[in-house]
Amino acid sequence: MSVRTTLSLVSLSLLTTAVGCGSTLPPKELVDARAAYQSASKGAASQQAPAELHVAKQSLDQAERSFNDEGDAPQTKDYAYIAIRKSQLAEASARALIAQKEKEAAEREAANLTADQLRSAQKELSSTKQHLEKTQDQLAAEKVAREAAEKKAAQALADLQKIAAVKQESRGMVITLSGSVLFPSNESTLLPGAMVKLNEVADALIKGNPDSNITVEGHTDSQGQRQYNMELGKKRADAVRDQLVSRGVAADRIKSVGVGPDRPIADNKTAEGRANNRRVEIIVEPNKH
Amino acid sequence: MRTPLIAAALLLVACGSSLPPPSDRLASAEAAARSARELGAEKEPKAQLHLKLASEQIDQAKKLMADGDNKRADLILQRANSDAELAVMLAKENTAKAAADEAQGKVKNLKTGK
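Here it is, written out as structure tokens:
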């Protein structure tokens, strides 16, 4: 009901008070009260505010009784006026209750959404944590493995240094074995003691440098024919390579080369210099990985 | 209260009415109007209108009581009461709707991830 209608109802009721009874037609207030109750009873109030609607009905009944008994008397209009307000109240009460229910539903939904978001945040956090722990575990394991490999390599080098001269050069680690320790003079068959020594070298190579390529070089002094020395160097390199392979060094990563007298490390004019030049070098190439 | 009572008592004789002054109805209508005001009826146009009607009718009833017309005053107070009670409910409706809007706004914000 609009503001204007309500105001005109009030003024109308005041006006008609002056006129008095005599009419059998229901006053406008009663017509409005019937319509107001009709509207309220058909709306949400019948479900949401049945008690208030019942009060509105009683109020309308009182207005109807007054109209029957007193006709168009002032109190008929008063009761009709009150009946209109009771119907309006029932409707307002229903709307308030619906709003209240909507609010509660929204609050429940908000609580569920908040809980969902919290759960997903916690899930994400724990997955990040797990990932982090895994990464840390992997790093720790890698560190342990690396330290073990380094220790192994250091141990292998220390072992080698006990039996041969070991130098680090740009072409790799060079293990130099004296010719007189390995072979009888002018021969390419290994001495029994040399086999033991070469086996130790092979063990160290397998342990310390399992992936490196290896070159075995046979060197001689410059006495005698160059061709003979080249062949002797090659045969001695082959003998050393074969011994290393027989001890377990992978054959596909080890090759033998005869260098002969071409790369002396000492003076060939002295007996000591020549002895130093007669040698086998095992070159362990730097690992490419 | 004292002066209207004396006036009413004097007028009782004049009008011949046997009805006592509707003090209880006046008190409850005034209480309802006060509740409406406390619930914020003045902030909502429809509630404000019915609160105003209630106040005007309470004033009118007081005058009628002063004039000794207790019977008419009683009915006017019943009207005032129905307006005041409606104002109370309209104010409650307004508050409930605002609360529902707020809660629904929160849900919307949560859904859009704010």
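As you go down the protein sequences, you meet chains A and B in turn. Residues 1 to 289 (this note's numbering) make up the first sequence, in order. Residues 290 to 403 (this note's numbering) make up the second sequence, in order. Ideal placement from N, C-alpha and C gives every residue a C-beta, glycine not left out.
Check: To the nearest angstrom, how far is it from the Cα of residue 170 (chain A) to the Cα of residue 228 (chain A)?
Finding: Cα to Cα, the separation comes out at about 30 angstroms.
Checklist line | Under 8 angstroms by beta carbon: chain A residues contacting residue 372 (chain B) | finding: 85
Next item on the list: Throw me the rounded Cβ distance for the residue 163 (chain A) and residue 217 (chain A) pair, which I believe falls under 8 angstroms.
Entry: Not confirmed; about 18 angstroms, so no contact.
Note to self: Considering only the alpha carbon of each residue, which of A:34, A:26 and A:178 lies closest to residue 236 (chain A)?
What the structure shows: A:178
Notebook entry, point to check: Quick one: Cα of residue 349 (chain B) to Cα of residue 115 (chain A), how far?
Noted result: 57 angstroms
Notebook entry, point to check: Hey, does residue 304 (chain B) have any beta-carbon neighbour from chain A nearer than 8 angstroms?
Noted result: Its pLDDT being 45, under 50, residue 304 (chain B) is placed unreliably by the model, and the measurement read from it follows with that caveat. Chain A, which has no Cβ nearer than 8 angstroms to the Cβ of residue 304 (chain B), makes this no.
Check: Around the Cβ of residue 270 (chain A), are there at least 16 other Cβ atoms within 10 angstroms (buried) or fewer (exposed)?
Finding: exposed
Note to self: To the nearest angstrom, how far is the alpha carbon of residue 278 (chain A) from that of residue 262 (chain A)?
What the structure shows: 11 angstroms
Checklist line | Exposure of residue 265 (chain A), with buried meaning 16 or more beta-carbon neighbours within 10 Å | finding: By the 10 Å Cβ count, residue 265 (chain A) comes out exposed.
Next item on the list: Within the same chain, show all residues whose beta-carbon is closer than 7 angstroms to that of residue 152 (chain A), passing over the 5 residues directly before and after it, in chain order.
Entry: The beta carbon of residue 152 (chain A) lies closer than 7 angstroms to those of 207 and 208 in the same chain, with the five residues before and after it left out.
Next item on the list: Tell me whether the beta-carbon of residue 315 (chain B) lies closer than 8 angstroms to the beta-carbon of residue 366 (chain B).
Entry: yes
Note to self: Do residue 49 (chain A) and residue 94 (chain A) have their beta-carbon atoms positioned less than 8 angstroms apart in this structure?
What the structure shows: yes
Next item on the list: Enumerate, from N- to C-terminal direction, the unbroken alpha helix (DSSP H) stretches of 4 or more residues contained entirely within the segment 304-334 of chain B.
Entry: 312-327
Margin query: When you compare the CB positions of residue 43 (chain A) and residue 91 (chain A), do they come within less than 8 angstroms of one another, or not?
Written below: yes
Margin query: By the DSSP assignment, the beta strand (DSSP E) with residue 218 (chain A) in it spans what residues?
Written below: 214-219
Next item on the list: Pick helix, strand or coil for residue 178 (chain A), following the three-state DSSP scheme.
Entry: strand
Item checked: Where residue 248 (chain A) falls: helix, strand or coil (DSSP) -> coil
Notebook entry, point to check: Based on the DSSP output, what are the partners of residue 168 (chain A) in its beta bridges?
Noted result: A:173
Check: For residue 256 (chain A), which residues does DSSP report across the bridge?
Finding: Residue 256 (chain A) pairs with A:216.
Note to self: Determine, for residue 81 (chain A), whether the minimum Cβ-Cβ distance to residues of chain B falls below 8 angstroms.
What the structure shows: Taking CB atoms only, residue 81 (chain A) has a neighbour in chain B less than 8 angstroms away.
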